[in-house]
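**Q** In the UniProt record's numbering, the protein residues as written are 1 to 104.
(1) Pick from 101, 77, 72 and 102: whose alpha carbon is nearest that of residue 92?
(2) Which value, in whole angstroms, describes the spacing of the CA atoms of residue 34 and residue 51?
(3) Which of the three DSSP states, helix, strand or coil, is assigned to residue 49?
(4) So for residue 34, helix, strand or coil by DSSP?
(5) Taking buried to mean at least 16 other C-beta atoms within 10 Å of its own C-beta, is residue 54 buried or exposed?
(6) Out of 41, 84, 63 and 58, point me to the one whose CA is closest to residue 22's CA.
(7) My output table needs one value for residue 55: the three-state DSSP class, helix, strand or coil.
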């Protein structure tokens, strides 16, 4: 379901089907990137970052967007704002497909 501001909500699904976190974005990829930045395993570079699967269910639908996700630590840019830490987490995702939940 699309909110008034044009964003949609996506629930992060665990392997057992529980949904603990909700990420919003105008596209599923935008929400997946937000979720990927919170991965527990973070590599030292993009190439060395371990890959994980992220499953996001679009709220109000039976669609589950499946992504391969990885995150890595890097130093913040030189022109960073004062509130930004010197070490930041960056992420990337690759869409694997869309699945549909079975309705009862």
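For glycine and all other residues, C-beta sits at the position ideal for the given N, C-alpha and C.
**A** Working from what's here:
(1) Measuring C-alpha to C-alpha distances from residue 92 to each of 101, 77, 72 and 102 identifies 72 as the nearest.
(2) 15 Å
(3) coil
(4) helix
(5) buried
(6) 58
(7) strand
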